[in-house]
Amino acid sequence: MNKLFKTLLCSLILTFIPLKANAEVSFDISGVGNDKALDNLNVFLKALSQPTDADNESYLIEVKETSKQSLIALGYYQARITTTVKGEPDNQVVQIKVNLGARTSISKLDLRLTGEALQDKNFQKLLVDFPIQEGQSLDHGVYESAKNSLISLAQHYGYFDAKYTKATVEVTQKNNQATVNLWFDSGIRYQFGEIIFDTHTPADQFVHSLRRFEAGDAYDTDKLNEFNQDLKETGYFNSITILPAIASTTGDHYKENKERKIPLHLITYMRPQDSFNTGLGYSTDEGVRGKFRWTRPWINHYGHSIETNFVASTYKQEATLTYQIPMEDPLYNYFSFQSGYKNLDQNDTNTEQYITSVNRHWRLDNDWLRTLYIRYDNESGIQGQETFGTELILPGISFSRTRSRGGVNVHWGDRQLVFFEFANESLLSSSSVIKAFGQNKIIRTYGNHQFINSAELGGIFAETIYDVPSSMRFFTGGDQSIRGYDYEEIAPTDADDFLVGGFYLATTSFEYRYAITQNWKMALFTDLGTATDDFSEPLSIGSGAGIVWTSPVGPIRLYVAKPFTETGDSFKLHLMIGPEL
Numbered sequence: 115m116n117k118l119f120k121t122l123l124c125s126l127i128l129t130f131i132p133l134k135a136n137a138e139v140s141f142d143i144s145g146v147g148n149d150k151a152l153d154n155l156n157v158f159l160k161a162l163s164q165p166t167d168a169d170n171e172s173y174l175i176e177v178k179e180t181s182k183q184s185l186i187a188l189g190y191y192q193a194r195i196t197t198t199v200k201g202e203p204d205n206q207v208v209q210i211k212v213n214l215g216a217r218t219s220i221s222k223l224d225l226r227l228t229g230e231a232l233q234d235k236n237f238q239k240l241l242v243d244f245p246i247q248e249g250q251s252l253d254h255g256v257y258e259s260a261k262n263s264l265i266s267l268a269q270h271y272g273y274f275d276a277k278y279t280k281a282t283v284e285v286t287q288k289n290n291q292a293t294v295n296l297w298f299d300s301g302i303r304y305q306f307g308e309i310i311f312d313t314h315t316p317a318d319q320f321v322h323s324l325r326r327f328e329a330g331d332a333y334d335t336d337k338l339n340e341f342n343q344d345l346k347e348t349g350y351f352n353s354i355t356i357l358p359a360i361a362s363t364t365g366d367h368y369k370e371n372k373e374r375k376i377p378l379h380l381i382t383y384m385r386p387q388d389s390f391n392t393g394l395g396y397s398t399d400e401g402v403r404g405k406f407r408w409t410r411p412w413i414n415h416y417g418h419s420i421e422t423n424f425v426a427s428t429y430k431q432e433a434t435l436t437y438q439i440p441m442e443d444p445l446y447n448y449f450s451f452q453s454g455y456k457n458l459d460q461n462d463t464n465t466e467q468y469i470t471s472v473n474r475h476w477r478l479d480n481d482w483l484r485t486l487y488i489r490y491d492n493e494s495g496i497q498g499q500e501t502f503g504t505e506l507i508l509p510g511i512s513f514s515r516t517r518s519r520g521g522v523n524v525h526w527g528d529r530q531l532v533f534f535e536f537a538n539e540s541l542l543s544s545s546s547v548i549k550a551f552g553q554n555k556i557i558r559t560y561g562n563h564q565f566i567n568s569a570e571l572g573g574i575f576a577e578t579i580y581d582v583p584s585s586m587r588f589f590t591g592g593d594q595s596i597r598g599y600d601y602e603e604i605a606p607t608d609a610d611d612f613l614v615g616g617f618y619l620a621t622t623s624f625e626y627r628y629a630i631t632q633n634w635k636m637a638l639f640t641d642l643g644t645a646t647d648d649f650s651e652p653l654s655i656g657s658g659a660g661i662v663w664t665s666p667v668g669p670i671r672l673y674v675a676k677p678f679t680e681t682g683d684s685f686k687l688h689l690m691i692g693p694e695l
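Encoded structure:
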């Protein structure tokens with residue numbers, strides 16, 4: 115009991131005895147005329163633990179050695195450093211005076227490449243633009259990066275036995291010169307092997323059809339990534355994993371078997387039989403927009419799929435059903451059958467439209483999608499003050515391409531669409547119509563600067579505009595075309611100023627964005643163009659500013675636009691939520 119009492123008493127006394135806290139130490143660095151050297155010094159010094167008192171020999175020796183190492187990393191082998199401590203132990207400043215001295219330069223670069231990569235154009239390009247050159251100041255960070263660039267390139271293109279036979283930096287401090295020796299042996303280049311299915315999949319024939327390489331082709335990580343991306347885009351799979359059997363093929367295994375083909379183990383899990391997606395969006399043009407999609411990605415062993423989409427807003431309601439039949443593969447060579455309905459009641463348009471089409475799709479080698487189609491279009495309603503009804507059978511051809519990087523917040527990308535279609539009375543149509551249309555949008559980002567440009571050009575040839583269904587006529591204005599104007603309010607009108615629609619369309623837009631923070635950009639823009647019958651009226655021009663938030667669900671854009679031609683509004687707000695391509 116007495117022992118327990120003593121223990122408790124000691125614990126209580128220790129509780130109230132103040133312990134000496136670590137000093138608050140800061141550094142005052144002078145004499146460094148190189149920003150990179152100063153930054154490196156600060157990084158190294160931050161890694162030091164806080165002392166109880168900075169004014170002691172062992173801590174100051176550590177400060178000096180750490181400072182020297184940070185400068186040696188940048189080639190300053192002759193740097194001289196002195197330290198003094200100011201202030202009380204609870205608030206101390208270590209003053210570091212630096213004399214950088216002469217910086218070591220690379221007097222000789224001995225860069226040697228052996229192995230099969232010697233004939234590889236990718237390695238030849240890297241050697242021409244190698245980050246290290248004779249005459250440069252020595253920077254060990256650049257040296258490590260340059261050394262790793264050869265290793266990374268070798269791994270990328272299948273030189274899995276690549277290694278350095280010599281990788282050294284020899285510094286002569288006497289004359290501040292260094293010799294860099296990099297002797298790189300790439301070894302052999304391995305090849306793609308056969309695909310091995312580690313799990314059963316009914317879509318195995320389409321897996322093979324999407325492969326853009328053959329067994330025996332030289333290994334290329336880009337081709338493997340494209341293959342993986344194509345498999346994801348089919349919609350057949352819930353998850354896909356491709357595992358090249360590198361460890362069991364390379365090194366000693368190759369020496370024993372002389373087999374350079376690397377098998378590709380594929381693990382796939384099919385998507386559920388049915389999947390459902392819902393979504394909400396908003397734009398000034400349409401207001402709140404709701405979406406519902408039902409997909410059955412795998413109907414039978416032929417790879418057929420079906421998809422239904424419903425989209426509804428205040429002004430527009432539409433439903434489409436698409437049935438897809440792969441030919442050689444489900445992405446680059448397939449048929450689709452589509453049927454749809456659309457009801458539109460906006461501005462001076464009140465129409466119903468029924469569409470059925472048969473489409474043949476090919477993905478070309480340059481990634482353009484070519485589509486041949488024939489479409490039945492039955493449309494009726496009121497445009498302006500004119501009641502109309504048309505039945506057209508429209509053969510056509512289209513070319514389209516969309517490329518993007520950055521996910522839902524695109525920082526690089528473009529979209530192109532060109533199509534031509536026609537209807538003729540002799541081919542069971544109610545009137546003869548020819549339509550051609552082209553569209554282009556480009557997004558490019560350079561540092562904090564982003565540039566967006568878009569353009570549209572189209573023409574219709576018919577006896578009168580009333581032979582053309584409302585959905586085929588040209589209107590412009592609004593969020594996606596000429597800001598500062600209401601949705602599709604720019605178009606020829608009748609004698610009572612009701613919108614009729616035009617034979618021709620020409621618009622372009624220029625937008626500049628500057629990143630003010632990581633997720634926010636400010637924007638300036640100018641849009642101009644017209645929908646017209648003869649280009650006799652002046653172009654409609656809108657200009658203004660806005661702000662863009664790169665949100666987790668995609669860019670949210672708010673613009674204030676001023677129209678510069680006749681309109682009822684002096685300014686107009688435009689709010690858009692959703693993808694830009």
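Here the working numbering is used: the first residue of the sequence shown is 115, the next is one more, and so on.
Beta carbons are placed, not taken as given, at the ideal position from N, Cα and C, and that holds for glycine.
This one's a predicted model, so the numbers in the text were calculated from it and none came from an experiment.
Shortest Cα-Cα distance from residue 533 to any of 500, 148, 253 and 572 involves 572. The beta carbon of residue 143 sits closer than 7 Å to the beta carbons of 152, 155, 210 and 212 from its chain, once the five residues preceding and following it are set aside; these are given in chain order.
Bridge pairing for residue 375: 305 [DSSP]. Looking from the CA of residue 273, the closest CA among 287, 233 and 689 belongs to 233. Residue state for residue 345 is assigned as helix, using DSSP reduced to three classes.
In chain order, 408, 409 and 410 place their CB closer than 8 Å to the CB of residue 388, counting only its own chain and leaving out the 5 sequence neighbours on each side. At a Cβ-Cβ threshold of 8 Å, residue 307 and residue 275 do not count as neighbours. If you draw a straight line from the Cα of residue 685 to the Cα of residue 678, it comes to about 10 Å. Proximity to residue 423 across 253, 338 and 392 peaks at 392, based on C-alpha coordinates.
Between residue 324 and residue 345, the beta carbon gap of about 6 Å places them in contact (Cβ cut-off 8 Å).
The Cβ atoms of residue 579 and residue 612 do not sit closer than 8 Å to each other.
If the five residues before and after residue 285 are omitted, its C-beta is found closer than 7 Å to the C-beta atoms of 191, 218 and 292, all from its own chain and listed in chain order.
Between the segment 312 to 328 and the segment 366 to 382, the count of Cβ pairs shorter than 8 Å is three or higher; the stretches touch. It is roughly 52 Å from the alpha-carbon of residue 674 to the alpha-carbon of residue 162.
The way I'd put it, the segment 588 to 603 doesn't touch the segment 447 to 456; fewer than three beta-carbon pairs between them come closer than 8 Å.
For residue 469, the enclosing beta strand (DSSP E) has its first and last residue at 463 to 477. Residue nearest to residue 634 within the set 419, 483, 664 and 186 is 664 (criterion: CA-CA distance). Segment contact: the segment 534 to 550 against the segment 497 to 515, three or more CB-CB distances shorter than 8 Å; contact assigned.
Its Cα nearest to that of residue 537, the residue 576 stands out among 690, 564 and 576. By the CB criterion at 8 Å, residue 223 and residue 261 fall outside the cutoff.
A Cβ-Cβ separation of about 7 Å places residue 499 in contact with residue 610 under the 8 Å criterion. By the neighbour-count definition (other C-beta atoms within 10 Å, threshold 16), residue 649 is an exposed residue. In this chain, the alpha helix (DSSP H) harbouring residue 267 covers 254 to 270. Setting aside the 5 residues that flank it on each side, residue 582 is surrounded in the same chain by 547, 574 and 576, each with a C-beta closer than 7 Å to its C-beta; the list follows chain order.
An exposed status is given to residue 366, since fewer than 16 other beta-carbon atoms sit within 10 Å of its beta-carbon.
Assignment of beta-bridge partners to residue 492 by DSSP yields 468 and 505.
Residue pairing of residue 408 in beta bridges, as defined by DSSP: 390 and 422. Within a 10 Å sphere around the beta-carbon of residue 597 sit 16 or more other beta-carbons, which makes this residue buried. In the DSSP assignment, the residues bridged to residue 226 are 297.
At the C-beta level, residue 659 and residue 636 come within 8 Å of one another. Listed in chain order, the beta strand (DSSP E) elements of length 3 or more contained wholly in the segment 579 to 637 are 618 to 629. In this chain, the alpha helix (DSSP H) harbouring residue 235 covers 235 to 242. Annotation for residue 264: 298 place their beta carbon closer than 6 Å to its own, counting only its chain and skipping 5 residues before and after. Under the Cβ criterion (8 Å, minimum of three pairs), the segment 463 to 473 counts as touching the segment 486 to 496.
In chain order, 485 and 533 place their CB closer than 6 Å to the CB of residue 512, counting only its own chain and leaving out the 5 sequence neighbours on each side. Exclusion of the five residues before and after residue 237 leaves 231 as the residues of its chain whose Cβ lies within less than 6 Å of its Cβ.
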